[in-house]
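Residue numbers (our numbering), protein chains in the order written: chain A, 6 to 910; chain B, 6 to 910.
Quick reminder that beta carbons are idealized off the backbone N, C-alpha and C, glycines included.
Just so we're clear, the structure is a prediction, and the values are computed from it rather than from any experiment.
Protein chains: 2
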Amino acid sequence: MPKKNTKWVYSFGGGKATGNAKMKTLLGGKGANLAEMSLLGVPVPSGFTITTDCCTAYFDHKMTFPTGTKRQADAALARVAREMGMKFGDPTNPLLLSCRSGARASMPGMMETVLNIGLCSTTIPGMIKKTNNPRFVYDAYRRLMTMYADVVMEKAEDIEPAEGRGIRVQLEHLMETMKKRKGVTEDTDLSGDDLQKLCTQYQACIKKVLKKPFPDNAHDQLWGAVGAVFKSWNGRRAIIYRRIEGIPDEWGTATNVQAMVFGNMGDSSATGVAFTRNPATGERKFFGEWLPNAQGEDVVAGIRTPNPINEATKTGQNKHMPSLQKMMPRAYRELDAIQKRLERHYGDMQDIEFTIQEGTLYLLQTRVGKRTGTAALNMAMAMLREKMIDEKTAVLRVEPEQLDELLHPIVDPAAEKKTKPLVSGLPAGPGGAVGKIVFTAQDAVREAAKGHSTVLVREETNPEDVEGMRAAQAVLTARGGMTSHAALVARGWGKCCIVGAAAISINLRTRRMVVNGRTFKDGDTLTLNGSRGTVYAGELNLIDATANPNFRRFMKIADKYRKLRVRANADTPDDARAALAFGAEGIGLFRTEHMFYGKGTEKALFLLRKMIMSGNEAERRKALRELFTYVKRDIKGTIAAMKGHPVTIRLLDPPLHEFVPQDASNQKALAKALKISVNDIKKRGEALHETNPMIGHRGVRLGVTYPEITEMQIRAILEAAIELNRAGKKCQPEIMIPVTCEPNEIVDQKTIVARVEKEVLKRTGAKSVNYQVGTMIEIPRACLLADRIADVAEFFSFGTNDLTQMGFGFSRDDIGGFLGEYLDRKILDADPFQTLDQEGLGQLIQTAVAKGRSTRKKLKIGICGEHGGDPASIEFCHRTGFDYVSCSPYRVPIARLAAAHAALR
Amino acid sequence: MPKKNTKWVYSFGGGKATGNAKMKTLLGGKGANLAEMSLLGVPVPSGFTITTDCCTAYFDHKMTFPTGTKRQADAALARVAREMGMKFGDPTNPLLLSCRSGARASMPGMMETVLNIGLCSTTIPGMIKKTNNPRFVYDAYRRLMTMYADVVMEKAEDIEPAEGRGIRVQLEHLMETMKKRKGVTEDTDLSGDDLQKLCTQYQACIKKVLKKPFPDNAHDQLWGAVGAVFKSWNGRRAIIYRRIEGIPDEWGTATNVQAMVFGNMGDSSATGVAFTRNPATGERKFFGEWLPNAQGEDVVAGIRTPNPINEATKTGQNKHMPSLQKMMPRAYRELDAIQKRLERHYGDMQDIEFTIQEGTLYLLQTRVGKRTGTAALNMAMAMLREKMIDEKTAVLRVEPEQLDELLHPIVDPAAEKKTKPLVSGLPAGPGGAVGKIVFTAQDAVREAAKGHSTVLVREETNPEDVEGMRAAQAVLTARGGMTSHAALVARGWGKCCIVGAAAISINLRTRRMVVNGRTFKDGDTLTLNGSRGTVYAGELNLIDATANPNFRRFMKIADKYRKLRVRANADTPDDARAALAFGAEGIGLFRTEHMFYGKGTEKALFLLRKMIMSGNEAERRKALRELFTYVKRDIKGTIAAMKGHPVTIRLLDPPLHEFVPQDASNQKALAKALKISVNDIKKRGEALHETNPMIGHRGVRLGVTYPEITEMQIRAILEAAIELNRAGKKCQPEIMIPVTCEPNEIVDQKTIVARVEKEVLKRTGAKSVNYQVGTMIEIPRACLLADRIADVAEFFSFGTNDLTQMGFGFSRDDIGGFLGEYLDRKILDADPFQTLDQEGLGQLIQTAVAKGRSTRKKLKIGICGEHGGDPASIEFCHRTGFDYVSCSPYRVPIARLAAAHAALR
């Protein structure tokens with residue numbers, strides 16, 4: 006229950022405010038920053054914020070506003086009236102209001118807005134008299150009715166109209182009919198009289214379709230809008246977006262009620278959106294877009310392609326378009342000064358919205374701007390040089406996941422040179438991508454499920470497309486600017502995106518697009534260079550991108566602050582070299598079995614199969630002797646490539662039947678080699694089949710029952726180490742026993758290690774060989790017995806993939822049947838294979854760490870499951886006292902930065 | 006390291022002793038009781054015990070005796086010499102010694118014994134002079150050489166001769182040759198001269214075969230024998246026995262060195278074995294067997310069929326044989342007085358060995374006698390009546406597992422009345438059994454592996470047969486008495502056994518036996534009544550045996566002391582009634598899916614399959630409506646049968662594809678019913694296939710993705726309850742959600758429960774219905790989140806089968822590949838599916854209990870895995886604060902007793 010006398014309403018405007026930028030939790034980002042701008046003396050239209058607490062109280066009490074809300078709002082309204090010199094609902098000098106959502110985290114376009122609130126039969130005449138512009142007033146009234154009927158009267162009431170029968174569509178149809186009747190094509194060609202008639206039609210249509218009249222009272226409109234904004238927090242789009250972004254459902258949104266200012270009051274009016282630096286590259290140039298005689302929604306929604314804000318940031322694409330700097334130099338100078346002040350004040354790049362009403366500039370919003378990974382990195386390094394921020398802040402300014410795009414492919418410049426672009430657009434999301442054309446979000450989702458790469462091609466995107474944008478490799482739109490919906494969303498995800506490629510014409514019905522005379526159908530392949538905005542027909546080669554020198558400098562600073570070491574999972578000398586290049590400090594997981602997968606491994610795989618299909622120990626030992634050469638070669642090469650860093654070699658892990666040949670020709674070859682019939686091969690293969698192989702005869706269980714397999718691997722490791730030592734090379738091999746559930750398993754395998762060591766030393770004449778023996782901790786019981794296991798194991802490496810499988814009882818191969826539903830219905834917050842389940846399995850891991858260190862104080866502890874590259878999981882590893890994380894080579898920089906963040910937070 | 010001045014040797018005899026009965030750990034059972042008898046003034050031959058600590062020190066130091074052993078033994082020997090008036094190794098008045106094993110737990114016949122130690126070229130003449138019986142002396146010498154060569158020179162040296170080429174066989178062959186040459190058939194027909202010659206042949210043979218002479222020095226013989234007894238602790242037989250009985254390997258055995266007394270010194274000498282009460286029935290009658298002019302081994306080994314000890318215990322089988330009571334009345338009276346004193350002193354039934362040497366009685370051993378479950382129960386109740394013990398002791402006198410035989414079948418008396426017995430023998434092990442004849446232990450083991458029931462038929466059994474006896478349903482021997490090896494071992498296990506059925510003649514080579522003119526071959530069926538000693542050809546009906554009125558009285562006392570409640574796992578009204586009869590206080594696990602297995606379920610199974618194979622929710626709902634009738638009928642019947650006791654109904658648990666029909670006819674029928682092709686049926690079946698079904702789409706995961714399945718089951722449960730209430734019947738249904746890993750799963754299912762409850766109440770017009778909703782705890786993560794789970798679950802039931810699968814990562818279906826090796830090589834102490842892993846998983850369970858009770862103080866906690874019927878696991882459940890255990894109906898009494906033991910210990 007909220008306390009009595011809770012303050013639900015916070016005022017701002019006129020150089021004063023009851024809130025400030027620190028109150029984001031209560032006021033939402035937009036509200037807190039409006040208050041802060043007021044305090045800074047930046048011109049903002051006066052208004053007030055209804056708090057997020059009010060929103061949650063509203064949901065908790067069957068959609069009723071808590072006591073005091075309206076009383077406090079009335080007082081705030083009176084204050085707005087004083088400051089703006091107009092009065093809400095007043096017949097002669099009416100004040101109009103906007104009503105906008107504003108949550109703690111930015112959710113662009115995911116919730117609702119209602120503008121022009123306060124127009125009704127009592128205020129319209131006064132408004133006409135005041136503006137002397139009936140066309141403007143009826144256009145505003147039409148817009149209010151459209152938004153209000155859609156947002157407040159339909160969506161907020163959970164009315165689900167049939168496809169294409171929504172109120173918005175029906176009202177727009179009336180507009181189209183009117184235009185046809187008048188023989189015009191643009192809205193702006195309709196006269197004030199036309200619009201007045203249209204307004205009467207709108208009123209009738211609303212009443213007929215929604216069975217309720219459009220409210221003809223300013224205050225009714227206001228509270229209907231406030232409630233609808235609150236309710237839009239739980240709209241379908243908002244929920245999907247929160248799921249993707251990991252925003253908690255219980256935060257709620259604030260509602261900002263603010264005096265309307267109009268960018269569409271003629272040629273001395275304008276509206277725009279801008280960034281204090283370039284959000285795609287980080288370049289230190291005031292960067293933005295504007296439209297004359299337009300409302301803000303026109304820029305953001307991408308309906309008209311906007312103009313560049315200044316001369317310095319014009320590109321080949323928009324150099325012919327007029328800049329605000331040229332068209333309204335006074336307003337531009339004022340805006341430029343304000344943006345500089347805001348960036349300095351906030352110490353970070355700002356994303357601002359502004360409106361110029363008849364020459365007067367108003368700031369409508371400022372917030373920390375979204376940016377690409379490249380931009381984040383470049384800005385952080387630039388601001389550090391500018392002494393705007395310190396090293397720690399710079400490190401924290403780049404999210405680990407943002408590095409992903411720096412490490413992701415770009416279109417090969419050599420290939421681009423030789424290829425003529427099909428079309429160009431605005432470079433809205435960085436990197437390169439190749440994919441098959443799809444024309445709808447649904448198609449993108451469906452193709453992604455099949456594992457296909459797609460380019461989602463749309464006229465423009467809207468919030469309904471979010472799922473499809475997520476699923477596609479890249480997004481390409483015919484309309485919209487750098488701050489359009491598509492650009493904002495794609496940039497947030499570091500996804501390749503090109504917007505405003507106006508030469509594209511799409512026919513959604515026939516699933517065709519025509520570009521400069523060439524026709525493409527869905528399924529055709531495109532290549533996009535999102536960093537340059539160029540589109541190519543067909544597939545171009547993609548290459549790695551780590552050329553940015555800032556990147557290496559940034560990582561060096563990050564490394565200064567982290568405590569965790571970062572290793573890579575690598576199975577070949579090539580992988581090892583890549584890992585080293587990405588800054589890996591060792592190999593945390595070398596999977597012996599991976600030398601039997603993929604190209605060039607046919608001979609080794611054949612020998613492995615021969616070993617597996619052997620009828621007895623003698624045959625098996627023979628096959629193992631042949632196999633030994635290959636195993637030793639790969640191990641030696643990988644250890645050598647790591648130049649003295651530790652290399653953890655996991656002994657053979659998968660159930661043997663995984664390697665049983667299923668195809669006739671391989672079966673035949675094997676039968677011949679073993680001198681048995683194909684039928685016998687099949688039988689031996691079937692004998693190895695298991696009901697639940699994941700929890701079957703694998704890992705150390707193989708080592709116990711087939712000691713000769715362990716023996717061969719140990720011999721390969723120790724001989725490789727001795728030979729490298731003799732060649733003057735250091736090495737630190739770590740022998741890792743998988744699937745351990747009981748300390749005696751390690752004791753058993755260590756007996757073999759000791760025996761083989763003795764033999765190898767004797768045969769080679771070496772005095773000693775340096776190695777450690779440790780174990781995977783991936784079985785729940787191993788966590789529980791970690792104290793006894795640490796008695797015999799020199800290191801632990803958590804195998805959180807299997808620990809998740811056994812801890813949840815989730816077979817990774819079989820979760821398809823239910824995991825989607827579990828996530829959709831919020832039974833689980835996240836896929837536990839993506840991010841470590843800290844609440845549940847975290848307890849097991851903490852127990853294992855504490856117990857392990859209780860018997861072996863300096864026990865080396867790492868993680869080699871896929872969670873080792875997940876920032877949230879890395880934070881957990883840091884907190885739990887791990888020594889290192891190990892992940893795929895490409896994620897090593899991400900892990901390094903995540904480790905630094907963990908240490909700095 | 007043992008401390009300096011450790012006392013390794015403890016003397017006894019002559020009314021004095023340095024040890025006593027409480028020192029079993031150090032002196033072994035035999036040694037401690039010999040000391041105790043000495044202290045009680047019971048006549049025992051003097052001697053000394055070399056401790057178990059000495060044995061473990063001997064093993065720890067490469068088979069050398071720790072410092073001080075021989076010195077202390079020499080001092081003890083001097084004491085024996087004083088008391089017996091003879092001296093070890095003395096040429097004129099030589100003392101002979103026996104050397105016997107004696108561990109903390111009785112291991113009958115599993116370790117070695119050497120008798121007549123001290124006979125050599127220097128003592129034989131004196132011995133002959135003293136006894137004036139050269140035949141006796143050479144016979145003793147021959148026996149010494151046979152035992153010594155076998156035990157000390159061959160087995161203890163780990164010599165493994167070829168089959169049939171062991172030294173014992175070769176020496177016996179010399180004996181047979183001598184008998185043939187002399188034209189006699191019995192050993193006793195050979196003269197002193199013959200035996201003297203034979204001894205010379207023995208010496209030569211030993212030297213030739215074992216490459217060492219038989220030691221001709223009394224002290225060498227002694228220390229050779231002591232070492233061999235120690236080593237026999239690690240003989241193959243002993244190890245197998247310990248594995249079966251769960252005796253730790255590290256205990257070691259003591260060695261008892263004792264003056265020889267001879268029961269074979271003529272007709273005034275005798276030897277025997279007796280029990281203070283009947284070990285098969287518990288009857289309060291001194292009961293035993295004896296042989297005149299014989300050594301003890303002759304009775305125990307079953308080579309000669311011994312005589313009954315007194316008149317009162319003669320049976321139809323042995324009424325013609327002479328009793329000790331009649332033949333040696335004075336010695337019998339003395340023995341009878343001693344046995345009464347020993348039973349009173351120890352407060353429990355004693356198993357004693359005695360020898361009468363030329364009229365003088367010696368007790369060689371007393372120990373708590375092994376007994377059948379029936380005897381244990383009857384004795385406990387009798388001793389309670391006699392006020393020899395109190396209630397708690399009486400309860401603790403019966404091991405829970407012993408009840409098993411009381412609950413196992415007996416031969417139907419009606420069938421027995423109509424059938425003529427084939428042959429009779431001594432009733433050595435209780436109950437009835439039906440099985441196919443096998444003639445060797447190996448055959449019994451092999452057939453058991455195939456799941457066949459066998460009767461192991463042997464001339465007599467020896468320790469090598471132990472594995473086969475374990476594997477067979479019953480044991481039948483042609484020779485031996487109630488204290489023969491077969492009888493002792495079988496009784497210990499409560500296994501049906503008949504010994505001494507002399508009319509049987511066995512031909513091992515042809516695998517045939519002839520009984521009273523009828524020939525049987527292996528594979529033929531026999532029925533045994535082990536309680537009466539009668540054997541029938543063919544199969545007779547077996548029936549349950551809980552007629553013993555003592556049983557109900559005993560269980561009532563046990564119930565007074567237990568804290569845990571005991572429920573049964575039951576899936577049908579019949580099971581429920583059986584459970585109630587065995588004293589179950591509720592059903593802890595009713596498996597919905599079991600109504601689709603077995604006879605009479607075809608229609609329900611067909612409907613289930615129809616539901617599973619439905620193409621969409623509408624089809625599925627239709628099939629569920631049909632299925633509903635069957636599910637409700639079974640649930641209602643089971644709840645009704647439990648007469649108001651709680652019934653826990655687990656919602657559908659297994660992965661659906663388990664029910665997919667694999668055979669053509671069922672596929673066809675289903676295709677017809679669903680109006681689709683057989684091919685579609687196959688495809689839908691394949692779509693349900695999983696890689697690891699055990700951790701796949703099952704349990705609550707089905708309930709979440711197919712809410713209509715949960716709905717149908719809840720409706721069945723609630724309607725059944727309401728209908729029973731209307732009929733005036735109480736009921737406590739408990740709805741149990743399986744495979745929970747996350748509290749939200751329960752929240753999700755409880756929403757369905759609440760909705761269905763509302764519907765059902767409305768439709769039936771009932772005011773309310775009484776039920777609880779709880780969950781299985783069988784996934785490791787559920788243990789870790791038990792505090793939050795207890796927020797939404799009203800009870801926990803641990804599913805320790807699945808918890809073991811996931812906690813160990815052991816697929817129960819696939820452990821065949823390695824578990825045997827894990828147990829053999831002691832990597833694991835026990836099969837964790839048989840007995841709960843307290844060390845590892847016990848921690849998870851304790852965590853779950855503590856966390857669960859932290860949010861719901863009175864949380865009801867039970868177990869319904871198979872461990873719920875395992876006494877060791879029940880003890881853990883008691884200690885951990887469970888409310889109840891649930892097990893199969895037949896194990897309910899065992900669980901009740903185990904719960905009482907847990908509370909009393």
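### 8 Å Cβ cutoff, A/PHE838 in contact with chain B
Residue 838 of chain A sits at position 833 when you count from the first residue of the first sequence. Chain B contact via Cβ: absent.
#### Entry: Among A/PHE881, A/MET42, A/ALA83, A/ASP834, nearest to A/THR371 - alpha-carbon criterion
Mapped onto the first sequence, residue 371 of chain A falls at position 366. Closest option to A/THR371, Cα to Cα, is A/MET42.
### Task
Determine the DSSP secondary structure at A/ASP356, reduced to helix, strand or coil.
Locating residue 356 of chain A in the first sequence gives position 351, counting from the first residue. It is a strand residue.
### Query
Looking at B/ILE868 and B/ALA900, is the spacing between their C-beta atoms short of 8 Å?
Residue numbering aside, residue 900 of chain B sits at position 895 when the second sequence is read from its first letter. Residue numbering aside, residue 868 of chain B sits at position 863 when the second sequence is read from its first letter. Their beta carbons are not under 8 Å apart, which means B/ALA900 does not touch B/ILE868 by this criterion.
### Query
In chain order, what residues of the stretch 777-791 of chain A put their CB closer than 7 Å to some CB of chain E?
The structure shown contains no chain E; its protein chains are A and B.
#### Entry: 8 Å Cβ cut-off: residues of chain B touching A/ASP796
Sequence index remark: in the first sequence, residue 796 of chain A carries index 791 (1-based). One finds nothing in chain B with a Cβ atom closer than 8 Å to the Cβ of A/ASP796; even the nearest lies about 14 Å away.
### Task
May I ask you to report which of helix, strand or coil DSSP gives B/THR320?
Here residue 320 of chain B refers to the residue found at position 315 when the second sequence is read from its first residue. When DSSP states are grouped into helix, strand and coil, B/THR320 belongs to the coil group.
### Query
Is the CB of A/ASN749 under 8 Å away from at least one CB in chain B?
On the first sequence, position 744 is the one that residue 749 of chain A refers to. Answer yes: the Cβ-Cβ gap between A/ASN749 and chain B drops below 8 Å somewhere.
### Task
Check B/MET717 in the structure and name its three-state DSSP category.
By 1-based counting over the second sequence, the position of residue 717 of chain B is 712. B/MET717: helix per DSSP, three-state reduction.
### Task
Enumerate in chain order the residues of its own chain whose CB-to-CB distance from A/GLU358 is below 7 Å, with the five nearest sequence positions on each side excluded.
To locate residue 358 of chain A, count along the first sequence from 1; it is residue 353. So the qualifying residues of the chain are VAL278, GLY301, LEU369, GLN370.
### Enclosing alpha helix (DSSP H) for A/SER43 [first to last residue]
As a working note, residue 43 of chain A is residue 38 in the first sequence. It spans 29-45 - the alpha helix (DSSP H) in which A/SER43 sits, taken as one unbroken run.
#### Entry: Start-end ranges of the beta strand (DSSP E) lying completely within the stretch 439-492 of chain A, minimum 3 residues
Complete beta strand (DSSP E) runs here, min 3: 459-463, 479-482.
### Supposed contact pair A/VAL897 and A/ALA399 - C-beta distance, whole angstroms, cut 8 Å
Indexing the first sequence from 1 puts residue 399 of chain A at position 394. Indexing the first sequence from 1 puts residue 897 of chain A at position 892. Incorrect: roughly 20 Å between the Cβ atoms, too far for contact.
### Query
Beta-carbon of B/THR606 versus every beta-carbon of chain A: anything under 8 Å?
Numbered from 1 along the second sequence, position 601 holds the residue referred to as residue 606 of chain B. No, because no Cβ of chain A sits closer than 8 Å to the Cβ of B/THR606.
### Message
In this structure, how does DSSP classify B/TRP238 when only helix, strand and coil are distinguished?
### Response
For the purposes of this step, residue 238 of chain B is taken as the residue at position 233 of the second sequence. The answer is coil: DSSP assigns B/TRP238 none of H, G, I, E or B.
### Task
List the residues of chain B that A/MET699 touches, going by C-beta distances under 9 Å, in chain order.
By one-based count along the first sequence, residue 699 of chain A stands at place 694. Under the 9 Å cutoff, chain B gives THR696, ASN697, MET699, ILE700, GLY814, SER816.
### Query
What does a CB cutoff of less than 7 Å around B/ILE757 pick up in its chain, not counting 5 residues either side in sequence?
Position 752 of the second sequence, counting from 1, holds the residue named residue 757 of chain B. Around B/ILE757: PRO712, THR715, GLU716, ILE719.
### Task
Let me know if A/GLU747 comes out buried or exposed under the rule of 16 or more other beta-carbons within 10 Å of its beta-carbon.
For the purposes of this step, residue 747 of chain A is taken as the residue at position 742 of the first sequence. With 16 or more Cβ atoms within 10 Å of its Cβ, A/GLU747 is classed as buried.
### Query
Taking 8 Å as the CB-CB cut-off, is B/ARG706 touching chain A?
If you number the second sequence from 1, residue 706 of chain B lands on position 701. So, interface residue.
### Every unbroken beta strand (DSSP E) within the stretch 553-616 of chain B, with a cutoff of 3 residues, ordered by chain
570-574, 592-596
### Query
Nearest chain A C-beta to B/PHE359 closer than 8 Å, yes or no?
For the purposes of this step, residue 359 of chain B is identified with residue 354 of the second sequence, where counting begins at 1. Output row for B/PHE359: interface = no.
### Query
Do you know offhand how far A/GLU728's Cα is from A/PRO738's?
On the first sequence, position 723 is the one that residue 728 of chain A refers to. On the first sequence, position 733 is the one that residue 738 of chain A refers to. Between A/GLU728 and A/PRO738, the C-alpha separation is close to 13 Å.
### Query
Within the 8 Å Cβ cut-off, does A/MET811 reach chain B?
Stepping through the first sequence from its first residue, residue 811 of chain A is reached at position 806. It does; some Cβ of chain B falls within 8 Å.
### Member of B/PRO139, B/CYS210, B/ASP194, B/LEU195 whose CA lies at the smallest distance from the CA of B/VAL174
Residue numbering aside, residue 174 of chain B sits at position 169 when the second sequence is read from its first letter. Out of B/PRO139, B/CYS210, B/ASP194, B/LEU195, B/CYS210 has the C-alpha closest to the C-alpha of B/VAL174.
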